[in-house]
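Single-structure report; data block below.
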Amino acid sequence: SITALALTGILPEPGGVVGDGAIYFNDQSVFNMSSKQLQQLRGAEVGVIFQEPGQALNPLLTIGKQLNELFEFHAEQAANRNIIADERIPALLKRVGFADPIRVLNSYPHELSGGMLQRVVIVMALLLKPPLIIADEPTTALDVTVQAQIMQLLIELKNEEKCAIILITHNMGLIAQYADRLAVMYAGRVIEESPVEVFLTNPAHPYSQGLLAAIPNPEVATPLQSIPGQVLSPNDYDSGCRFRNRCAQAFEPCNQPAPQISLTENHIVHCWLFEKDGKPK
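Going by our numbering, the first residue of the sequence shown is number 11, and it counts up by one from there.
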C-alpha cells in the first residue's frame with residue numbers, strides 16, 4: 011500500500027520519503043514532477059482504487075458532485091480523449107451494476123453499502139480512461155460473494171477500457187485467478203518477480219516457498235504450515251536480507267544486500283542462495 015502511494019506521489023507527510031530507487035511513468039520520473047504535473051497524473055493517467063472506499067470519498071458531498079469535480083479538474087484531458095461527463099458518468103455507473111444511476115448520483119457516501127461504495131470508487135478510477143489502474147486491496151472490506159463480483163468486474167473493465175492494473179493483495183487465490191505477473195514483497199522489499207504460473211509451480215525465495223506452503227489444503231488432513239519468527243520492526247532494518255531472521259537456510263552472506271538473480275528471462279529472485287549461476291548452492 012505504501013508503494014502504491016509512492017507511485018502516485020501521495021506518501022503521507024511528514025515522514026513519507028522514498029530513500030532509494032526510481033519511479034517512471036511514460037519515461038518521466040515521478041520524483042521530478044511538479045505539484046501540478048502530479049495532480050494531472052492522478053486520475054487522468056493513473057486511477058487508484060483504495061482498500062477503504064469510504065475513506066476515499068468526501069462524506070459531505072454527493073457522489074454526483076464528486077464525480078463531476080473530478081471531470082472539471084481534468085477538463086483538458088477529458089476533452090483530448092473525447093470524454094463527455096453527462097454521457098460517461100451514467101454509462102459507467104450502469105456498467106458497474108447500478109440500475110438507477112440518478113439515485114446513486116444524488117446519494118451521499120453513508121447512504122450506500124460497502125459494495126456499492128467500492129463500485130463508485132471503481133467508476134472514479136476509470137472515469138477519465140487512464141492507461142493504468144492501481145487497485146490497493148480492492149476487496150478486503152467486502153464479503154466473499156461481493157469480492158468475486160468486484161474482481162470479475164475489474165477484469166472485464168480492464169479488457170473493455172484497455173488499461174493495465176497493478177493489483178496489491180495478500181490473497182493468493184485472487185493472484186492465481188486474475189494476475190498475469192507478480193512481485194512478492196517482504197518488509198518493504200521486492201524479493202521475487204515472475205509470471206504467476208511460474209511462481210505457483212516453482213517459487214524460488216524461501217519466503218515465497220513458505221507462503222505457498224502455508225495455504226491450507228482442504229483435501230489433505232495435515233497441520234497448517236507457518237513461517238516461524240516475526241517480521242522485523244522498521245527500526246531494525248539494515249542492508250541485509252530482511253527475511254534472514256526467519257529463514258532456515260540463512261547463512262553469513264545474508265547479512266549483506268541480496269543480489270538480484272535472473273533464474274530465467276522472466277523469473278528474478280533477490281536471494282544469496284542463488285548467487286552462483288542462478289542455482290541453489
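Think of the CB as a built atom: it goes at the ideal place given N, C-alpha and C, for glycine as much as any other residue. Bear in mind the structure is a predicted one, so any value in this text is a computation, not a measurement.
Contact under 8 Å by Cβ, residue 148 with residue 173 = No, the pair does not count as a contact, with Cβ atoms beyond the cut-off.
Distance between beta carbons of residue 210 and residue 186, contact taken as under 8 Å = In this structure residue 186 touches residue 210 by the C-beta definition: roughly 6 Å separates them, less than 8 Å.
message = Determine whether the beta carbon atoms of residue 252 and residue 199 lie at a separation below 8 Å.
response = In this structure, residue 252 sits near residue 199, with a CB-CB distance shorter than 8 Å.
Own chain partners of residue 61 with C-beta closer than 6 Å, once the 5 adjacent residues on each side are dropped = The residues are 146, 147, 150.
message = With a threshold of 8 Å, are at least 3 pairs of Cβ atoms found where one atom belongs to the stretch 96 to 111 and the other to the stretch 128 to 137?
response = The stretch 96 to 111 is in contact with the stretch 128 to 137.
ask   = Does the ligand SAH have even one heavy atom less than 7 Å from the beta-carbon of residue 195?
value = The ligand content of the structure shown is nil, which means the ligand SAH is not present either.
query = What are the residues that DSSP puts in a beta bridge with residue 203?
reply = According to DSSP, residue 203 bridges with 193, 278.
inquiry  = Bridge partners for residue 56 per DSSP, in chain order?
reply    = In DSSP, residue 56 forms a bridge with 52, 142.
request  = Compute the distance between the beta-carbons of residue 226 and residue 234, then report whether it is under 8 Å.
outcome  = Yes, these two residues count as a Cβ contact at 8 Å.
query = Straight-line CA distance for residue 245 to residue 257?
reply = Residue 245 and residue 257 have their C-alpha atoms spaced approximately 20 Å apart.
Distance between beta carbons of residue 58 and residue 16, contact taken as under 8 Å = With 8 Å as the limit, residue 16 and residue 58 do not qualify as a contact, their Cβ atoms being about 12 Å apart.
ask   = Quick one, are the C-beta atoms of residue 164 and residue 175 less than 8 Å apart?
value = Between residue 164 and residue 175, the CB-CB gap stays under 8 Å.
key: alpha helix (DSSP H) runs wholly inside the stretch 63 to 100, at least 4 long, in chain order   = Listed in chain order, the complete alpha helix (DSSP H) runs (minimum 4 residues) inside the stretch 63 to 100 are 63 to 66, 73 to 83, 85 to 90.
query = What separation, rounded to the nearest whole angstrom, lies between the Cα atoms of residue 30 and residue 68?
reply = Taking the straight line from one Cα to the other gives about 33 Å.
key: Nonlocal neighbours in the same chain, by C-beta distance under 7 Å from residue 270, ignoring five residues either side   = Hits under 7 Å: 278, 280.
task = For residue 284, count neighbouring C-beta atoms within 10 Å of its own C-beta (all shown protein chains included) and say buried if the count is 16 or more, exposed if not.
result = Looking at its Cβ environment, which holds 16 or more other Cβ atoms inside 10 Å, residue 284 is buried.
ask   = What span of residues does the alpha helix (DSSP H) with residue 167 cover, start to end?
value = Here the alpha helix (DSSP H) through residue 167 covers 154 to 171.
Rounded C-alpha distance that separates residue 288 from residue 218 = Residue placement at residue 288 cannot be trusted, given a pLDDT of 49 that sits under 50; what the coordinates show is reported in the next sentence. Approximately 17 Å, taken between the alpha carbons.
query = Exposed or buried, residue 81, counting other C-beta atoms within 10 Å across all chains shown (16 or more means buried)?
reply = When all chains shown are included, residue 81 counts as buried.
message = As a quick exercise: from 144, 142, 123, 170, pick the residue whose alpha carbon is nearest that of residue 153.
response = Nearest neighbour of residue 153 by Cα position, chosen from 144, 142, 123, 170, turns out to be 123.
key: residue 54 versus 259, 260, 91, 118, residue with shortest Cα-Cα distance   = Among 259, 260, 91, 118, the Cα nearest to that of residue 54 is on 91.
ask   = Between the beta-carbon of residue 197 and the beta-carbon of residue 241, is there less than 8 Å?
value = The Cβ atoms of residue 197 and residue 241 sit closer than 8 Å to each other.
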